[in-house]
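Chemist: Protein chains in written order, with my numbering: chain A, 428 to 888; chain B, 428 to 888; chain C, 428 to 888; chain D, 428 to 888.
4 protein chains.
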Amino acid sequence: MYDDKVREECGVFGIYNTNAEGDYLAKQTYLGLMALQHRGQEACGLAVNLNQEITFHKNMGLVDEVFSEEVLSRFKGHMAIGHCRYSTAGSKKDKDAAQPLVINYAKGQLAIAHNGNIRNVLELRAIYDEKGAIYRTHTDTEIIAYTIAKQRLSEGSIEKAVAKAMHILEGAYSLIMMSPSKMIVARDPFGFRPLCFGRKADGSVVFASETVALDAVDAVYERDVMPGEIITVQHGEIKSNTENCGQNGGKMCIFEYIYFARPDSTVQGQLVNDSRRSAGQLLAKASPVEADIVIGVPDSGIPSAIGYSEASGIPYVEGFGKNRYAGRTFIRPDQMSREAAVRLKLNPLRKYVEGKRVVLVDDSMVRGTTNKIIIKMLREAGVKEVHLRMSSPPYKYPCYYGTDVSTTSQLIATDHTIAEICEEIGADSLAFLQLSDLPHIIPDVKDIGYCEACFTGDYPI
Amino acid sequence: MYDDKVREECGVFGIYNTNAEGDYLAKQTYLGLMALQHRGQEACGLAVNLNQEITFHKNMGLVDEVFSEEVLSRFKGHMAIGHCRYSTAGSKKDKDAAQPLVINYAKGQLAIAHNGNIRNVLELRAIYDEKGAIYRTHTDTEIIAYTIAKQRLSEGSIEKAVAKAMHILEGAYSLIMMSPSKMIVARDPFGFRPLCFGRKADGSVVFASETVALDAVDAVYERDVMPGEIITVQHGEIKSNTENCGQNGGKMCIFEYIYFARPDSTVQGQLVNDSRRSAGQLLAKASPVEADIVIGVPDSGIPSAIGYSEASGIPYVEGFGKNRYAGRTFIRPDQMSREAAVRLKLNPLRKYVEGKRVVLVDDSMVRGTTNKIIIKMLREAGVKEVHLRMSSPPYKYPCYYGTDVSTTSQLIATDHTIAEICEEIGADSLAFLQLSDLPHIIPDVKDIGYCEACFTGDYPI
Amino acid sequence: MYDDKVREECGVFGIYNTNAEGDYLAKQTYLGLMALQHRGQEACGLAVNLNQEITFHKNMGLVDEVFSEEVLSRFKGHMAIGHCRYSTAGSKKDKDAAQPLVINYAKGQLAIAHNGNIRNVLELRAIYDEKGAIYRTHTDTEIIAYTIAKQRLSEGSIEKAVAKAMHILEGAYSLIMMSPSKMIVARDPFGFRPLCFGRKADGSVVFASETVALDAVDAVYERDVMPGEIITVQHGEIKSNTENCGQNGGKMCIFEYIYFARPDSTVQGQLVNDSRRSAGQLLAKASPVEADIVIGVPDSGIPSAIGYSEASGIPYVEGFGKNRYAGRTFIRPDQMSREAAVRLKLNPLRKYVEGKRVVLVDDSMVRGTTNKIIIKMLREAGVKEVHLRMSSPPYKYPCYYGTDVSTTSQLIATDHTIAEICEEIGADSLAFLQLSDLPHIIPDVKDIGYCEACFTGDYPI
Amino acid sequence: MYDDKVREECGVFGIYNTNAEGDYLAKQTYLGLMALQHRGQEACGLAVNLNQEITFHKNMGLVDEVFSEEVLSRFKGHMAIGHCRYSTAGSKKDKDAAQPLVINYAKGQLAIAHNGNIRNVLELRAIYDEKGAIYRTHTDTEIIAYTIAKQRLSEGSIEKAVAKAMHILEGAYSLIMMSPSKMIVARDPFGFRPLCFGRKADGSVVFASETVALDAVDAVYERDVMPGEIITVQHGEIKSNTENCGQNGGKMCIFEYIYFARPDSTVQGQLVNDSRRSAGQLLAKASPVEADIVIGVPDSGIPSAIGYSEASGIPYVEGFGKNRYAGRTFIRPDQMSREAAVRLKLNPLRKYVEGKRVVLVDDSMVRGTTNKIIIKMLREAGVKEVHLRMSSPPYKYPCYYGTDVSTTSQLIATDHTIAEICEEIGADSLAFLQLSDLPHIIPDVKDIGYCEACFTGDYPI
């Protein structure tokens, strides 16, 4: 991983408006995907439905690279869905894997945008293999397509087929789909990945992974899609099917609050920025240290650093300048030193940190390589002591529900003690958020539990 | 159709050499595709097999647009196949339809390059639909993939699966495929589309739609693949399976000689240029006219014009200058007048034609629009009389075996008499090659019959 | 202007190392330009000198769009200069205007990268016109080239020619140049635009508009180039010519501290972030208001907001989520509403601001359109009162020294009272930094005065 | 040189119509440049004049690569000029050298498209250097611009300035230019390079290097611009200035007939195809040989081969298949063998040549490398004897008037006897067109002499 972070795999977006004209919905989808770009920067795409015919455009690249005014103008319709993605960790670039996946099958076209990860892919693939299935990619999405297509053969409607498919598909999936006549949205019964919807003043119904995408198209948030819920939009009417709901309390990914989601998103009622600030406050209480200043690693470490400062009384200072263009450099760490890559991105403010005992707050640690470089840079800038505080517990177990950490080999916390890590990265002290504090970072979340398997190994499935 | 011509749908190429190093075979495939570019200019691609793993690159565009030195350098392997294509007439651009099609299925990867057209696609699709099949394109190739994949479940080897699939697939198919360990080449029992192979001095085995692709990689032609034959190359050994051969005399497409193939290709032992010259000679005998000069419509009308001149004694003259860059203009006829498009491409040589009675030889007529414009241009250049001679019989029936004329609505000869056409296009006289002369344009063809369904409506299947 | 900000016109970079191998300096220049990208996002380029021959690459676009690994690899040399730029306000896109400008003249090649604005361009052009000069652009840089080239005819060295040219050129210019054998760096006698240099551990001498570019290539800052100074590097030796120094106290642009420079840059000894924080503190003292929270407009308003909070005791809160990908959208405000463009970029955190009396701190106001939209968005998010505080005095006069505000028509403060502006943008109160506080935001600046003409109309030239 | 041919350096085009609307003239210029593409394939561009303001678009690449529908649509105006070019032999790619060159000078804008080569560039440059001139390129065109700009300072109109400049500029130049209010066209007093004009039915006046460009836009040829003539178009009126005419008989480049011009162009009244055919006939008479067939090297050798056949009675046969896509391969001869490059392009028709004694007709020989490969390929195809006949005299002297052969080192004929060349390339016999036959290949040319300096070393200047 370029910057030593765990990656969310995808963002999904959908918009429906029977009265939409021209490329209006394609442009709204573009805006929505721009707002979800942080959830997947490797590839993106959109599909529109015009008079029951679905067309699409997708490619490797950022949203503003894949789409242009001219491209969008070709996608007219009254429904549209969009997707942005990372590739799964370790896999090669799968050229045909950009989404939405648009297929034909016995009942016509189906477009699928998927955020998540199916656990029983191999079992399902074996079943479909027996029927002579062929695959163009190694993605879960193609397995989802087969599963729904197969169910649709015996079920009378696409939403019933999806409902049945949800009994077969195990794992994480927030799905936004289009059939020739409907938009169908579904969230797995555990609700691992977020999914919400809202409405625009012009009547458009909007679905998205995060509320920031609703904000971007000026839609008003209504509620989160419930774990297990299927929502169908047809002829402008919204129907909810809850037959797969309530199987469990829900297991929403806690990491959305720690790192994945944008701080200005509200996930299940909880403002993400607030979670991060709370984590900082809790850290300050559980792992205090005598220091002169608190600084955060931009961007996601900043709210926690502010929280740490608030709770500890140690002044918060902007410790780093950030090059907001650095994210796009084509120079990969293996072409120049990894250190140069970090240096291009972050620049310690010597004046503020020199001679200081510093509390450095970051959100999460994967391999620790970037933390090590940042600490080295701080010492070169004259910092006296570096006390690293992580606003999440040690990341020890792979995630099978939609992120890119699929083996423990990437995780320093799996086989190192905190003391060992501290020495390895060169910090004067190191502390993590306590597991028992996790519930306290999401006080506003109601009616749904959370998944902390990456910290505990206690997998819901 | 831009230039009022019937289109071949594809060209295929394959090369195998266990000792090949680096991107050598990818570059050979590039050369082979360049030589086959006339068979398909809309999209192209290649797939290579390196240590049983197949990777690919394909896109919309000409061979030299889709590939670059840099792209080719990434495709190392000891087997490679390539493909260039047109889209089917009337269909929209099918984005995922570029070939080779590379799939995964129960037995691993399979790469397929296909030239032809499957007749019973709808019947087969209905069967696969029942099994829950999903499709990414509307191409026959995906149906071929399903058919072979399904057979492979019960057959012990890929070549046996292909042999069985050939009982199921009806229509035209010249296939070049790669499994993880083999190259498999097959030609339908009618042998509609051409397919031949040869060998390079370095031991490489080369398969291609036309001999010009063998020439381009300096391979020596060995023979044409027989109708119904399956050839498998593994561990450097070539095996021929002829169990599907000999079901009929073969029905090779006669239009390959008239227009599709390059004049310097030898198809089934017959030099294409010779066929065209013969057609001209036969035309001169059957449809003589008193005239001052014979001119041909570049490029494919030239050999027939020369033949006409040889047989009639009327001097052959280069009647048109040709802009060899015009083929690539992005300006479509609907953006400027169709006439301007023709004018950009062809330029009558006034000095040679002014005041003359001209025999104008062209290869085939679809809608007649271009002929009409050319005749108008000739009259503007001072031509006294235009006697149009077509080196093929009237094109009256759609082709279902691998070209882009699938309905009669595009064919002027279907519902017009020769006199009507002559008046419509403004010629002083018009004659076509006689059906009975067709066998005489391919005197060197042995052991295989030919398909003339587009002229007679007498379909082999 | 897309986001209603005044624009710096350029960033310059240069690096010299006689022992540099291959494309090392080109890659360092790439890193330097990445760090200076905020100073000009419309076009960029670099030139290298290999064995006295200068070659270049430049184009419209961001640094990471114009350059690729492959492009950089073609630029080998032991000297390199780079440039990034905006176009001048109001001018059309001047295709040949990307820099470095590389010319030939009587004495060979000369490459010029320029940040600034020449005041007496018209007078000089009239003189050169008389000699039959021709121009490829409307840029000052071409006039600089003529001026230096002309002086070089009578002066014995390029540095002497530059010294003479500095008597002729009036205005702002920070220049980094290469002759076949030397790197020549010059800053106008007023020192309007910043320019500094440092050294890398490997002996490379590095010049740049801002220290962040030194940081990006791991160079250690030595000092700022003095107003009027010419520095020449040849055979690895640095020589300073100060004959044009000391003519006045220097008039460095104060706006570099307010908005242009990156907060982590140190300009003339003054950390930019500190200036902004101080401005906020000063604002709080001079223009206090009763409020619940202080928020800043990202990014440049944040440090001032923190300063305001520090001095006022009103808690600082992150009021906006920011889409860090929004900067690159191809959708221009005239294609969708300007409001949608702002919404894509900034997202109020309703939870933090709802029901609150808010101090909103921003850095500077040009037309006020964006402030108006932001205030509207805050009110929609439930804010009770908005007290806008600008961390700079009212911008009333055009700048002729290297920015893109060349007429007063773009400036709301020129012909509106503060009360009128307050009403126009919909704030509850509005206050600007006091002119008399300006010196207090740059306490660490020594030995150079500053230019505040844009606030006072009191132009140094 | 990729294909061992001497290169024309440029094609020029201009069109004027006060009533033109929108991008009509830009599109006509596109068509004209497409027709002139053979004269320069490295770079191209156009400039339009709308209400006295000139804008332009130019780049490296073929006409259909540099322009698109979208690009053309931005260039509205009532005058337009276009240019396509090769780079000068041996020079590096000069990035800013694409034309038209658009400059500003004392009297406003001037756009220049130039075909030719100025002999006294160094002398003129020395003069301008003294005035402090700066140059962006190494092109003659910039020197032309300086010369005209300088004259314009003292002359009352642009056409008078051009008339004076023609006394100063020595060498070859066919110029099409635009000032803010006029189109100005000039041909050097020797008339080295062709230039003609015509009119469209809609009143547009069209200028072009060759008549094929008039044909492409459906303009009717009026006459060739006379050597030394200046034509000015303003307010729809055409004025001819002949004060520089008649200084000599004219020295039009004979190589236009041999290789440069398209066969369907008529240059100074002479159809180019006719010249080539005549050359073949003359060759047959002067250098007969006993043989079975005559074949030509496509494309420019074909008419001469036909002529040879006509005069000798030896039957003409199409000896080669040609890949009409091969011209654009990105694979350069140094990346694969030069032989593979030729093989991709030309394919001997074994059936026609095997066992035959062949007269092989080509147009001209530079280094002879391609002839050598072609002869080798013919022998591999079973040819018994190869008698090479060149339809031009031995090319022995560099050309200084607008082609890319500027040193004798590239020319095999300079220091080899015919016998030596014959052995080197492996022919059984070799003969060139006789110098004394040159006048006979242009019987229709009136009122102008020709330049044969490349054959005789007898330079007009």
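Beta carbons: idealized from backbone N, C-alpha and C, even for Gly.
At the level of alpha carbons, what is the spacing between A/Met593 and A/Phe483?
Modeler: 26 Å
Chemist: Cβ closer than 9 Å: which chain B residues qualify as neighbours of D/Ala462?
Modeler: Asn750, Tyr752, Ala753, Leu771 and Asn774
Chemist: Looking at the strands, I want to know which residues DSSP matches up with D/Gly438.
Modeler: Beta-bridge pairing links D/Gly438 to D/Cys511.
Chemist: Indicate whether at least one CB of chain A lies closer than 8 Å to the CB of C/Leu458.
Modeler: yes
Chemist: Is the CB of B/Ala560 under 8 Å away from at least one CB in chain G?
Modeler: Going by chain labels, chain G is absent from the structure shown, which instead holds the protein chains A, B, C and D.
Chemist: Does the distance from the C-beta atom of B/Val644 to that of B/Lys627 stay below 8 Å?
Modeler: yes
Chemist: At 4 residues or longer, and completely inside the region 666 to 752 of chain A: list those alpha helix (DSSP H) runs for me, N to C.
Modeler: 699 to 713 and 728 to 739
Chemist: For A/Gly509 and C/Asp651, I'd like the C-alpha separation in whole angstroms.
Modeler: The alpha-carbon atoms of A/Gly509 and C/Asp651 are separated by roughly 50 Å.
Chemist: Can you give me the C-alpha to C-alpha distance between B/Lys503 and A/Met487, rounded to a whole angstrom?
Modeler: The alpha-carbon atoms of B/Lys503 and A/Met487 are separated by roughly 22 Å.
Chemist: Which residues bound the alpha helix (DSSP H) around B/Leu499?
Modeler: Glu496 to Ser500
Chemist: Opposite C/Asn486 in the DSSP bridges: which residues?
Modeler: C/Cys471
Chemist: Figure out for me which residue from A/Arg579, A/Gly559, A/Ser584 and A/Tyr555 has the closest Cα to the Cα of A/Ile570.
Modeler: A/Tyr555
Chemist: Tell me whether the region 692 to 700 of chain D and the region 469 to 482 of chain D touch, counting them as touching only if at least three CB pairs, one residue from each stretch, are closer than 8 Å.
Modeler: no
Chemist: With 9 Å as the limit, tell me which residues of the region 474 to 490 of chain B have their beta carbon closer than that to any beta carbon of chain D; keep them in chain order.
Modeler: Leu489 and Val490
Chemist: Under the assumption that D/Ser731 contacts D/Arg704 (Cβ atoms under 8 Å), give the Cβ distance between them as a whole number of angstroms.
Modeler: Yes, they are in contact, since the Cβ atoms of D/Ser731 and D/Arg704 sit about 7 Å apart, within 8 Å.
Chemist: Give me the chain B residues within the contact set of A/Arg563, using Cβ-Cβ distance strictly less than 7 Å, ordered along the chain.
Modeler: Ile530 and Arg563
Chemist: How is the beta strand (DSSP E) around A/Arg816 delimited, first residue to last?
Modeler: Glu812 to Met817
Chemist: Among the residues of its own chain, which have a CB less than 6 Å from the CB of D/Ala470, if the five just before and after it don't count?
Modeler: Met487, Arg512 and Ala525
Chemist: Going along the chain, which residues of its own chain have a beta-carbon closer than 7 Å to the beta-carbon of D/Asp842, five neighbours each way excluded?
Modeler: none
Chemist: Buried or exposed for A/Asn671, please, with buried defined as at least 16 other CB atoms from any protein chain shown within 10 angstroms of its CB.
Modeler: buried
Chemist: Is it true that the CB of A/Gly467 sits closer than 8 Å to the CB of A/Pro527?
Modeler: Not closer than 8 Å, so no.
Chemist: Taking D/Tyr573 as the query, report the chain C residues whose CB atoms sit under 8 Å from its CB, ordered along the chain.
Modeler: Chain-ordered, the chain C residues with CB closer than 8 Å to the CB of D/Tyr573 read Gly559 and Ile561.
Chemist: What does the alpha-carbon distance come out to for the pair D/Ile685 and D/Pro616?
Modeler: 22 Å
Chemist: Is D/Cys878 helix, strand or coil by DSSP?
Modeler: strand
Chemist: Going along the region 575 to 586 of chain A in order, which residues come within less than 8 Å of chain B, judged by CB to CB distance?
Modeler: Ala576, Lys577 and Leu580
Chemist: Would you check if the region 795 to 802 of chain D and the region 820 to 834 of chain D touch, i.e. whether three or more CB-CB distances between them fall below 8 Å?
Modeler: no
Chemist: Write down the C-beta distance between C/Phe619 and C/Lys678 rounded to the nearest angstrom, noting that I regard them as a contact closer than 8 Å.
Modeler: 6 Å
Chemist: If contacts are defined as beta-carbon pairs under 8 Å, then A/Ser601 and A/Val810 qualify, I think. What distance do you get, rounded to the angstrom?
Modeler: Not a contact, Cβ separation roughly 42 Å.
Chemist: What does the alpha-carbon distance come out to for the pair D/Pro621 and D/Gly459?
Modeler: 15 Å
Chemist: Is the Cβ of B/Ala533 closer than 8 Å to any Cβ of chain A?
Modeler: yes
Chemist: Using alpha carbons as the reference points, say which of B/Gly723, B/His541 and B/Tyr573 lies closest to B/Leu551.
Modeler: B/Tyr573
Chemist: Does the beta-carbon distance from B/Thr830 to B/Val433 come in below 8 Å?
Modeler: yes
Chemist: Is the region 556 to 563 of chain A touching the region 558 to 566 of chain B, taking contact as three or more C-beta pairs under 8 Å?
Modeler: yes
Chemist: Assign C/Thr797 to one of three DSSP states: helix, strand, or coil.
Modeler: In the structure shown, C/Thr797 falls within a helical segment according to DSSP collapsed to helix, strand and coil.
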